[in-house]
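Protein chains in written order, with this note's numbering: chain A, 1 to 282; chain B, 283 to 454. Glycine residues also receive a C-beta, built at the ideal position from the N, C-alpha and C atoms. Just so it is clear, the structure is predicted and the values come from calculations on it, not from any experiment.
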Amino acid sequence: MKQISVLKIQDKIREMVQQINFHYPKDIEDLLEKARQNESHSLGKEILDLLKENSRIAAEKRIPICQDTGMVIVFIEIGQQVQLVDGSLNEAIQKGVALGYEEGYLRKSIVSDPLFHRINTQDNTPCIIYPSIVDGEQIKLTVGCKGFGSENMSVIRMLKPAQSVAGVKETVLQAIQNAGPNACPPMVVGVGIGGSFDYAAVLAKKATLRDCTLSNPDPEYAQLEQELLEEANRLNIGPQGLGGDTSVLKINIESAPTHIAGLPVAVNISCHITRHISEVIE
Amino acid sequence: MKITLPLTKETCMKLHAGDSLQLSGVIYTARDAAHKRLAEMIEKKEKLPFDLENSCIYYVGPTPTPPNAIVGSAGPTTSMRMDAYAPLLYDLGVSATIGKGYRTPQVKEAIIRNHACYLICIGGAGALLSQSIKKAECIAFEDLKAEAIYRYEVEDFPCVVAMDAYGKSVYE
C-alpha cells in the first residue's frame with residue numbers, strides 16, 4: 001500500500017483553484033490565439049484581441065480572469081493501492097476549495113439550497129466531487145471552476161437509437177445556437193453520449209475538462225468532434241455572439257456503453273475561459 | 283464614441299445598435315438578489331438607494347476587493363435573468379442597462395417605450411473591465427456581498443449598444 005495524506009490533496013486543491021482563475025490553461029490560450037489570428041470579422045477580431053489583453057492583465061495584476069470564479073468540480077481517480085491518511089478525503093477537498101477561494105479573493109457563488117433558502121455559504125463550498133477507483137498507486141485530480149452563464153445553456157436529451165449520428169449532431173448544434181451570446185463565446189463544448197440519463201451529463205462535464213489538444217481516441221468520435229466543430233463555426237455566432245468565424249474553440253466527446261433502447265446525449269456548454277487543470281499525486 | 287453619464291433620453295435616441303461606446307461617469311451595480319430587493323422596495327413605495335432617473339445599471343457581481351485595490355474582477359453577467367424586473371426599472375427612469383446576451387420581448391418594448399437602450403460589454407473580461415473602474419463604493423444591501431449595490435465611477439468603460447431606443451438589436 002502507498003500512503004497519501006489527504007492534507008497533500010487539500011493543499012493541491014487550494015493551489016489549483018487559484019491557478020486556473022488567474023491563468024488561462026495553455027490549451028485554451030493556444031486555441032484563442034489561433035482563433036484571433038484567423039478571425040476575419042473585424043469586431044470579432046477586436047474582441048479576441050481584448051480577451052488576450054484581459055488574460056495579460058489577469059496574470060500580471062492577479063485579478064481573476066472572470067468575476068464568475070465558478071462552482072468547483074473535482075474528478076478524483078484513486079489508485080486502489082493507495083491508502084488515504086490524516087483524515088477525511090471529502091473534508092480535505094472541501095477545505096482546499098474554501099482556503100483557495102478565501103486566499104485568492106475569488107467570488108463565493110454557492111448557495112446552500114437551490115430552491116427555498118438561497119443563502120450564500122460564503123466559502124464557495126460544497127464543491128462537486130466525482131471519485132473513481134482505478135489501478136495503481138497514485139491519485140489524479142482534475143479540477144474545473146465552472147461559470148454558470150454557460151452552464152445554464154447546457155442540455156440533455158434522451159434520443160431514440162434510430163436518431164443516430166444525425167440526432168446527436170442536431171442536439172449539439174441546437175444547444176450551441178441557443179446558447180449564443182449568453183454563454184460567452186467562443187465556447188468549449190463537452191458532449192457525453194451513452195450511459196444513462198445521469199451518466200451522460202457526467203461524461204459531458206468530463207469532456208469539458210479534457211485537454212483540448214487531444215481528440216477522442218476513437219477515430220469515428222474524433223471525426224464527429226471535427227465535423228461538429230466545423231459546422232458550429234459556420235453558425236456565425238462569433239466572439240460574444242456579435243458574428244464571426246470563431247463560435248466554438250473545441251468540441252470534446254466522451255462516450256460510454258448504453259442500453260439497447262437508449263441514446264442519451266448531454267451537451268455541457270462552457271465559455272472561453274474553460275478553467276481546467278489536472279495533476280497527479282504520488 | 284465617448285459618452286458622459288448620466289445618459290439622457292435625447293442621447294439614447296442618437297445611439298444605434300452596434301455603436302461602440304466609452305462611458306465615463308457614475309453607474310450602479312445590481313444583479314439577481316439586488317433586483318429582487320429593489321422590486322420589493324418599489325412595491326412598498328420605499329426610498330430607493332439611488333435615483334433611477336437617467337441612471338445606468340450594470341449587471342455584475344464582482345470578486346471581492348483585495349487590500350489596496352479599487353475593485354475585483356468585474357465583467358457582465360447574463361442579462362436575461364434580470365428581465366423580470368427590467369421593464370419596471372426602465373419605466374421608472376433607468377436609461378441604460380449593461381450586461382451580456384439576449385433580452386426578452388418585454389424588455390425590448392420597455393426600451394422603445396422609454397427611449398432607453400441596452401448595452402453589452404465583454405463577458406469573461408472582468409480583469410480588463412475592472413481597469414476602467416476608478417472608484418467603487420457599496421451603497422446598499424452590503425449583506426449580499428457580490429450581489430450588493432455598488433456605485434462605480436468609470437472612465438472610458440468600453441461597451442457596445444446591443445439594443446437601441448428603436449428596438450434594433452445587434453444580435454438580429
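Residue i vs residue j beta-carbon contact at 7 Å
i                     : j                     : result
residue 436 (chain B) : residue 302 (chain B) : no
residue 410 (chain B) : residue 53 (chain A)  : yes
residue 180 (chain A) : residue 243 (chain A) : no
residue 13 (chain A)  : residue 78 (chain A)  : no
residue 338 (chain B) : residue 289 (chain B) : yes
residue 21 (chain A)  : residue 106 (chain A) : yes
residue 357 (chain B) : residue 428 (chain B) : no
residue 267 (chain A) : residue 159 (chain A) : no
residue 310 (chain B) : residue 332 (chain B) : yes
residue 147 (chain A) : residue 68 (chain A)  : yes
residue 155 (chain A) : residue 175 (chain A) : yes
residue 195 (chain A) : residue 256 (chain A) : yes
residue 16 (chain A)  : residue 134 (chain A) : no
residue 188 (chain A) : residue 141 (chain A) : no
residue 225 (chain A) : residue 253 (chain A) : yes
residue 6 (chain A)   : residue 89 (chain A)  : yes
residue 131 (chain A) : residue 94 (chain A)  : no
residue 27 (chain A)  : residue 213 (chain A) : yes
Cα-Cα separation between residue i and residue j, rounded to whole angstroms
i                     : j                     : result
residue 382 (chain B) : residue 312 (chain B) : 14 Å
residue 235 (chain A) : residue 2 (chain A)   : 51 Å
residue 307 (chain B) : residue 399 (chain B) : 17 Å
residue 128 (chain A) : residue 283 (chain B) : 45 Å
residue 64 (chain A)  : residue 50 (chain A)  : 15 Å
residue 323 (chain B) : residue 375 (chain B) : 16 Å
residue 108 (chain A) : residue 238 (chain A) : 30 Å
residue 164 (chain A) : residue 278 (chain A) : 33 Å
residue 25 (chain A)  : residue 271 (chain A) : 13 Å
residue 71 (chain A)  : residue 292 (chain B) : 42 Å
residue 274 (chain A) : residue 167 (chain A) : 26 Å
residue 349 (chain B) : residue 103 (chain A) : 12 Å
residue 251 (chain A) : residue 299 (chain B) : 31 Å
residue 363 (chain B) : residue 433 (chain B) : 21 Å
residue 385 (chain B) : residue 81 (chain A)  : 54 Å
residue 43 (chain A)  : residue 60 (chain A)  : 26 Å
residue 341 (chain B) : residue 217 (chain A) : 42 Å
residue 205 (chain A) : residue 211 (chain A) : 13 Å
Interface flag, residue i vs chain B, CB-CB below 7 Å
i                     : result
residue 234 (chain A) : no
residue 212 (chain A) : no
residue 361 (chain A) : Look at the range of chain A in this structure, 1 to 282, and you will see that residue 361 (chain A) is not part of it.
residue 114 (chain A) : no
residue 87 (chain A)  : no
residue 20 (chain A)  : no
residue 149 (chain A) : yes
residue 240 (chain A) : yes
residue 3 (chain A)   : no
residue 178 (chain A) : no
residue 181 (chain A) : yes
residue 184 (chain A) : yes
Residue-chain proximity (residue i, chain A), Cβ-Cβ < 7 Å
i                     : result
residue 290 (chain B) : no
residue 339 (chain B) : no
residue 428 (chain B) : yes
residue 223 (chain B) : Nothing can be reported for residue 223 (chain B), as the shown portion of chain B is limited to 283 through 454.
residue 311 (chain B) : no
residue 431 (chain B) : no
residue 451 (chain B) : no
residue 366 (chain B) : no
residue 349 (chain B) : no
residue 344 (chain B) : yes
residue 447 (chain B) : no
residue 286 (chain B) : no
residue 360 (chain B) : yes
Paired residues, beta bridge with residue i - DSSP
i                     : result
residue 187 (chain A) : A:248
residue 194 (chain A) : A:256
residue 434 (chain B) : B:309 and B:418
residue 40 (chain A)  : According to DSSP, which records beta bridges pairwise, residue 40 (chain A) is partnered with nothing at all.
residue 144 (chain A) : A:73 and A:276
residue 439 (chain B) : B:305
Cβ-heavy atom distance, residue i to the ligand NAD, below 6 Å
i                     : result
residue 361 (chain B) : As presented, the structure is devoid of all ligands, the ligand NAD included, so that no description of it is given.
query: When Cβ atoms are compared, which residues of the region 407-424 of chain B fall closer than 9 Å to chain A?
result: 407, 408, 409, 410, 411, 412 and 413
message: Tell me which residues of the region 371-397 of chain B have at least one Cβ-Cβ distance to chain A shorter than 8 Å, keeping chain order.
response: 382, 383 and 384
- prompt: the region 255-273 of chain A: which residues have C-beta closer than 9 Å to a C-beta of chain B, in chain order?
  reply: Residues passing the 9 Å Cβ filter: 271, 272 and 273.
query: Of all the residues that make up the region 89-107 of chain A, which are near chain B by a beta-carbon distance shorter than 7 Å?
result: 105, 106 and 107
Proximal residues, the region 297-323 of chain B versus chain A, C-beta separation under 7 Å: none
message: At a CB distance below 7 Å, what residues from the region 40-58 of chain A approach chain B? Give them in sequence order.
response: 47, 50, 51, 53, 54, 57 and 58
message: Residues of the region 191-217 of chain A in Cβ contact with chain B at a cutoff of 7 Å, in chain order, please.
response: none
query: Between the region 61-76 of chain A and chain B, which residues of the former have a C-beta closer than 9 Å to a C-beta of the latter?
result: 61, 62, 63, 64, 65, 66, 67, 68 and 69
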